[in-house]
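Trainee:
Chains as they are written, first to last, in the working numbering: chain A, 9 to 271; chain B, 2 to 358.
What follows is the structure, given as structure tokens:
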């Protein structure tokens, strides 16, 4: 019950932050304030509480069903936002993060099969490579989620600048060059984490389904190609942003599919 | 509840609303003459006075019985003829006017903040000259507080209101901080010089001027602290710069789409802000379709400035609503003072905090 309350409270925080920003932008009253950051931070605390409670009940990292995976992904996305948002001072990125996380949590409520009925896994039976593989890979997906958000914001601001639409969004979105830099760095950071996560997977002494292996490597290759082309200067920033959004949607789809098949 | 009146408080003056510059300049009071003017006003029986003289307004804020000297200042030797440019506001109208002036609501460019600084300077001058007392000290300090509230709670200062400011605003929307940005100016006209100066005021790293007449390029470069470049080399320089301002007199397009596509290939991950101020235009419109290039001509910049000005006008109404409570509060404060306070309103009273405004 406590777990569910924590999840609902987290969802409420993100939705409240999103609604507040939408209202402020619509009413031409938006200005940078700590409110969004506090709401996202509040949501993050509730997500952490959920993961802690579920982890205690399971006796291991709570990644045993699709619902838990989505919640962990939400947690990783907000964690990245809290670090990156303050580093780049990306005004409004919280407003773009909130609806994505709220959607993930909504899906999680549907797919989460609830707390375990049996006792927690005894100490010493955990496979550290498996835990590392799952947790680090999901944090990488969280970073890619934020890269996707930065990419979407880039495309939006690019459109406003090209079409000369000087509306409320135009005034409040971050500089387009900053968004491009954030997107590029998040892609690299996410790729490093994904590489570590996948590498750990090879040490798990357990047979991996071929489809899962192929999808995982496929996602890794897609991001590798984007980063390679970007570093070879073969892609303009708009394309990088577009591919960042597409790659996340694709990888998220494959992640959900894999988990759906697994559970 | 009736709003108390304050008939001895007056504002007499003229501004850009009522008089053209050639009239305003005749009434302007230079800083070096302020002490004499304030002293003369107090000698006529006024108890307190502040003179605000800027390029857009000359206003005398006074407290005390009506002064013939002010009539002479504004109406000359035949006051009966009057002067249609001059306004005389009393009591709450004078208070409301000052609060609107300091908040930038009465300015030529609504929301500009320079007037607040100019008013502070005028007030401090009057304090030093021992020309203010309880009523004007309170009035001006409350005016500064009201102006701060207007700036904080409305968007009166937001958005660019000139072509130069619009260019700066867009540059910051593209690059963020401009400290590491290089600007290339094609043509040495006055318009591009103005925009370049606006960018320079935001700290751009370098300005390079290229013109068909190299001598003219050198002149402008010297004027704005930039470097001159031979016109044949501008395309190469374009690869390293972030902002291009073009305003040549060329009868045809100077910056071509095909050439710019090549330039952009040499500057990966760096956007380019192209500003075309020329008529006829210098930059082929297709340049704006290139990924990473943001092309704005004079009309687009003007549209951004007009939009900001229009938004500021809307915000001005909110600003006027906001200052109303400050007006009432001041009048109530003034009314709550004993009758003897007005008579004993001696210059210098309560001026200690004037230095801190």
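Even glycine gets a Cβ: it sits at the ideal position worked out from N, Cα and C.
If you're wondering where the values come from, they're calculated on a predicted model, not measured in any experiment.
How long is the line joining the alpha carbons of residue 38 of chain B and residue 198 of chain B, rounded to whole angstroms?
Mentor: Each residue's alpha carbon lies about 37 angstroms from the other.
Trainee: Looking only at its chain, what residues have a beta carbon closer than 7 angstroms to the beta carbon of residue 334 of chain B, apart from the 5 residues adjacent to it on each side?
Mentor: 139.
Trainee: Mind checking who residue 14 of chain B pairs with in its DSSP beta bridge?
Mentor: Residue 14 of chain B pairs with B:60, B:88.
Trainee: To the nearest angstrom, report how far apart residue 276 of chain B and residue 245 of chain B are at their CA atoms.
Mentor: When rounded, the distance between both Cα atoms is 6 angstroms.
Trainee: Let me confirm a value: residue 314 of chain B is counted as buried when at least 16 other C-beta atoms fall within 10 Å, else exposed. Which label applies?
Mentor: Flag for residue 314 of chain B reads exposed.
Trainee: Cβ atoms of residue 182 of chain B and residue 196 of chain B: under 8 angstroms apart, would you say?
Mentor: Taking 8 angstroms as the Cβ cut-off, residue 196 of chain B and residue 182 of chain B do not qualify as a contacting pair.
Trainee: So residue 207 of chain B is in the beta strand (DSSP E); what residue range does that whole segment cover?
Mentor: Where residue 207 of chain B is concerned, the enclosing beta strand (DSSP E) stretches over 207-212.
Trainee: Contact criterion: CB-CB distance below 8 angstroms. Does residue 301 of chain B meet it with respect to chain A?
Mentor: Yes, because at least one Cβ of chain A sits closer than 8 angstroms to the Cβ of residue 301 of chain B.
Trainee: Can you list the beta strand (DSSP E) stretches of 3 or more residues lying completely in the stretch 229-275 of chain B, in chain order?
Mentor: Counting only runs of 3 or more, we get 244-247.
Trainee: Per DSSP, which one or two residues make a beta bridge with residue 185 of chain B?
Mentor: Paired residues: B:209, B:245.
Trainee: Chain B partners of residue 230 of chain A, CB-CB under 8 angstroms?
Mentor: Result: empty, since nearest Cβ-Cβ is about 20 angstroms, beyond 8 angstroms.
Trainee: Can a CB atom of chain B be found closer than 8 angstroms to the CB of residue 139 of chain A?
Mentor: So no, residue 139 of chain A is outside the interface.
Trainee: The alpha helix (DSSP H) spanning residue 254 of chain A covers which residue range?
Mentor: Its alpha helix (DSSP H) spans residues 245-270.
Trainee: Could you give the first and the last residue of the continuous beta strand (DSSP E) run that contains residue 292 of chain B?
Mentor: Counting along the chain, residue 292 of chain B falls outside any beta strand (DSSP E), and DSSP gives it neither H nor E.
Trainee: In whole angstroms, what is the alpha-carbon distance linking residue 262 of chain A and residue 259 of chain B?
Mentor: Rounded to the nearest angstrom, the two C-alpha atoms are 41 angstroms apart.
Trainee: Say whether chain B places a C-beta atom closer than 8 angstroms to the C-beta of residue 43 of chain A.
Mentor: Answer no: the Cβ-Cβ gap between residue 43 of chain A and chain B never drops below 8 angstroms.
Trainee: Within the same chain, show all residues whose beta-carbon is closer than 6 angstroms to that of residue 138 of chain A, passing over the 5 residues directly before and after it, in chain order.
Mentor: Correct list, in chain order: 212.
Trainee: One question on the structure: do residue 157 of chain A and residue 104 of chain A come within less than 8 angstroms of each other, judged by their Cβ atoms?
Mentor: Cβ distance < 8 angstroms, so residue 157 of chain A and residue 104 of chain A count as in contact.
Trainee: Assuming the contact rule is C-beta atoms closer than 8 angstroms, residue 128 of chain A and residue 66 of chain A should be a hit. Round their C-beta distance to whole Å, please.
Mentor: Contact holds; Cβ gap of about 6 angstroms.
Trainee: Which residues in chain A sit within 7 angstroms of residue 272 of chain B, going by Cβ to Cβ distance?
Mentor: Correct list: 184, 185.
Trainee: For the alpha helix (DSSP H) that contains residue 173 of chain B, what are its first and last residues?
Mentor: 164-176 is the extent of the alpha helix (DSSP H) around residue 173 of chain B.
Trainee: Between B:126, B:174, B:178, B:100, which has its C-alpha nearest residue 152 of chain B's C-alpha?
Mentor: For the residues B:126, B:174, B:178, B:100, the minimum Cα distance to residue 152 of chain B belongs to B:100.
Trainee: Please work out which residues of its chain come closer than 6 angstroms, Cβ to Cβ, to residue 222 of chain B, disregarding the five sequence neighbours upstream and downstream, and give them in chain order.
Mentor: Same-chain partners within the cutoff: 210, 228, 229.
Trainee: Strictly below 8 angstroms CB to CB, what residues from chain B border residue 169 of chain A?
Mentor: Result: 171, 174, 175, 295.
Trainee: For residue 161 of chain A and residue 23 of chain B, I'd like the C-alpha separation in whole angstroms.
Mentor: Distance between the alpha carbons of residue 161 of chain A and residue 23 of chain B: 51 angstroms.
Trainee: Going along the chain, which residues of the stretch 154-167 of chain A sit with their C-beta nearer than 9 angstroms to a C-beta in chain B?
Mentor: Listed by position along the chain: 165, 166.
Trainee: If I measure Cβ to Cβ from residue 168 of chain A and keep anything under 8 angstroms in the same chain, skipping five residues before and after, which residues do I get?
Mentor: These residues qualify, in order along the chain: 174, 175, 177, 178, 181.
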